[in-house]
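K.L.:
Numbering of the sequence shown is given in my numbering, commencing with residue 5 and proceeding in unit increments. Cβ coordinates follow ideal geometry from the N, Cα and C atoms, glycine included. What you are looking at is a predicted structure, and each value in this text was computed from that prediction instead of being measured. So that we are looking at the same thing, I have put the structure below in structure tokens.
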Amino acid sequence: MTARTNGAPSAPRACSSLLACAGRLILIGALWLVAEPALAHSDAGLVGGFLAGFSHPLNGPDHLLAMVAVGLWGAFLGRPLIYVLPVLFPAIMAAGGVLGLAGLPFPFVELGIALSVLVLGLLIAGARTLPIAPAVAIVAAFAVCHGYAHGQELPLAADPVGYSLGFVLATGLLHVLGIAIGELGRRSAALALAPRLAGAAIAVAGAWFLFSATAA
């Protein structure tokens with residue numbers, strides 16, 4: 005990645021901090037996936053809705069990879085998009101969720117979700133930078149697809165407010181994980197290729213999701 009000088013802390017200390025952050029997020033996610041099935045049956049109402057919403061992107065590899073990719077691409081693009089994209093995605097996703105909740109037709113939502121993983125992965129793997137407007141447009145379009153899918157699940161949640169809070173929090177954590185991976189690659193020469201390799205892996209998964217969506 006292209007180095008940026010922004011008065012950041014020394015590379016070793018920054019990398020150590022980011023690695024610790026990413027490690028904690030991975031640990032939290034792993035523990036959650038183990039504990040969530042039991043917790044999901046332990047409460048209802050706001051808590052039950054929150055658990056359902058939080059687990060939805062973590063249990064869906066397409067959602068998980070797309071949200072990590074948004075943070076990772078934002079880290080690669082730098083300011084201001086490193087801050088804009090992780091805020092924009094949940095906001096537009098909420099609007100898409102309203103469409104899903106309303107039951108408006110969106111026949112290609114699964115195709116859009118698969119494309120989001122593939123396209124974002126390719127952009128990261130190819131180290132592609134874009135101006136603010138097209139980058140925002142791409143992420144916003146994909147956020148609508150993911151939000152619509154979440155919105156379709158809202159009526160099944162124990163509490164819609166709790167569900168919304170849960171999936172927004174999970175989305176934010178996945179964005180942070182993607183940013184951490186990107187910043188590690190930017191700050192450490194030994195890990196410089198890690199973000200692009202992660203992007204390539206995401207793109208491969210996206211190609212499989214796209215094949216599955218079109219073959220269904």
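1) Are the CB atoms of H150 and I128 within a distance shorter than 8 Å?
2) Between L85 and V74, how many whole angstroms is the CB-CB distance? I'm expecting something under 8 Å.
3) How about Y167 and A56: are their beta carbons less than 8 Å apart?
4) Relative to the alpha-carbon of H154, which residue among V140, R132, H67, L195 has its alpha-carbon at the smallest distance?
5) Express the C-alpha separation of L158 and R190 in angstroms, rounding to a whole number.
6) Straight-line CA distance for E187 to L195?
7) Among the residues of its own chain, which have a CB less than 6 Å from the CB of F213, if the five just before and after it don't count?
8) For V165, which residues in the same chain have their Cβ closer than 8 Å to its Cβ, ignoring the five residues on either side in sequence?
9) DSSP state of F213, grouped into three classes?
10) Could you tell me how far apart the beta carbons of G170 and L76 are, in whole angstroms, since I believe they sit closer than 8 Å?
11) So P61 and G176 are supposed to be a Cβ contact under 8 Å. How far apart are they, rounded?
12) Can you tell which of A131, F58, V72, M97 has the C-alpha that lies nearest to the C-alpha of G81?
13) Over what stretch of residues does the alpha helix (DSSP H) that includes D66 continue unbroken?
14) Would the beta-carbon of G104 fall within 8 Å of that of A207?
15) Hey, A202 and I185: beta-carbon distance below 8 Å or not?
16) By DSSP, does G130 sit in helix, in strand, or in coil?
17) When you compare each of P111, V180, A70, G64 to A144 by their alpha carbons, which one comes out closest?
18) Taking 8 Å as the threshold (C-beta atoms), are G101 and Y152 in contact?
19) How would you call A193, buried or exposed, if buried means at least 16 neighbouring beta carbons within 10 angstroms?
20) On the criterion of 16 or more Cβ atoms from any shown chain inside 10 Å, does F112 qualify as buried, or is it exposed?
21) Is L178 closer than 8 Å to V91 when the C-beta atoms are compared?
22) Is the CB-CB distance between A147 and I96 below 8 Å?
P.N.:
If we stick to the structure as given:
1) Indexing the sequence shown from 1 puts residue 128 at position 124. Indexing the sequence shown from 1 puts residue 150 at position 146. No, the Cβ-Cβ distance between I128 and H150 is not below 8 Å.
2) Taking the sequence shown and counting its residues from 1, the one referred to as residue 85 is at position 81. Taking the sequence shown and counting its residues from 1, the one referred to as residue 74 is at position 70. Incorrect: roughly 10 Å between the Cβ atoms, too far for contact.
3) For the purposes of this step, residue 167 is taken as the residue at position 163 of the sequence shown. For the purposes of this step, residue 56 is taken as the residue at position 52 of the sequence shown. Yes, Cβ-Cβ distance for Y167 and A56 is below 8 Å.
4) Here residue 154 refers to the residue found at position 150 when the sequence shown is read from its first residue. Comparing Cα-Cα distances from H154 to each of V140, R132, H67, L195, the minimum goes to H67.
5) Position 186 of the sequence shown holds residue 190. Position 154 of the sequence shown holds residue 158. So the two alpha carbons sit approximately 38 Å from each other.
6) Mapped onto the sequence shown, residue 187 falls at position 183. Mapped onto the sequence shown, residue 195 falls at position 191. Each residue's Cα considered, the two are about 10 Å apart.
7) For the purposes of this step, residue 213 is taken as residue 209 along the sequence shown, with counting starting at 1. D66, A118, V121, listed in sequence order.
8) Sequence index remark: in the sequence shown, residue 165 carries index 161 (1-based). So the list reads L50, G53, once near-sequence residues are dropped.
9) As a working mapping, residue 213 is identified with position 209 in the sequence shown. Three-state result, F213: helix.
10) In the sequence shown, residue 170 corresponds to position 166, counting from 1. In the sequence shown, residue 76 corresponds to position 72, counting from 1. That belief does not hold up - the Cβ atoms of G170 and L76 are roughly 23 Å apart, past 8 Å.
11) For the purposes of this step, residue 61 is identified with residue 57 of the sequence shown, where counting begins at 1. For the purposes of this step, residue 176 is identified with residue 172 of the sequence shown, where counting begins at 1. Incorrect: roughly 10 Å between the Cβ atoms, too far for contact.
12) As a working note, residue 81 is residue 77 in the sequence shown. The amino acid at residue 81 is misidentified as Gly; the sequence shows Leu. Ranking the options by Cα distance to L81, first place goes to A131.
13) The residue you call residue 66 lines up with position 62 of the sequence shown. First-last of the alpha helix (DSSP H) with D66: 65 to 81.
14) Reading the sequence shown from its first residue, position 100 is the one you call residue 104. Reading the sequence shown from its first residue, position 203 is the one you call residue 207. Result no, Cβ atoms of G104 and A207 do not sit closer than 8 Å.
15) Position 198 of the sequence shown, counted from the first residue, corresponds to residue 202. Position 181 of the sequence shown, counted from the first residue, corresponds to residue 185. Going by C-beta atoms, A202 is nearer than 8 Å to I185.
16) As a working mapping, residue 130 is identified with position 126 in the sequence shown. Correct three-state label for G130: coil.
17) To locate residue 144, count along the sequence shown from 1; it is residue 140. Answer by Cα proximity: A70.
18) As a working note, residue 152 is residue 148 in the sequence shown. As a working note, residue 101 is residue 97 in the sequence shown. Yes, they are a contact pair.
19) Position 189 of the sequence shown holds residue 193. The residue in question, A193, is exposed, as its Cβ has fewer than 16 Cβ neighbours within 10 Å.
20) On the sequence shown, residue 112 is found 108 positions in, with the first residue counted as 1. Label assigned to F112: exposed.
21) Counting from 1 along the sequence shown, the entry for residue 91 is found at position 87. Counting from 1 along the sequence shown, the entry for residue 178 is found at position 174. Going by C-beta atoms, V91 is not nearer than 8 Å to L178.
22) Position 143 of the sequence shown, counting from 1, holds the residue named residue 147. Position 92 of the sequence shown, counting from 1, holds the residue named residue 96. Against a cut-off of 8 Å, the Cβ pair of I96 and A147 comes out as a contact.
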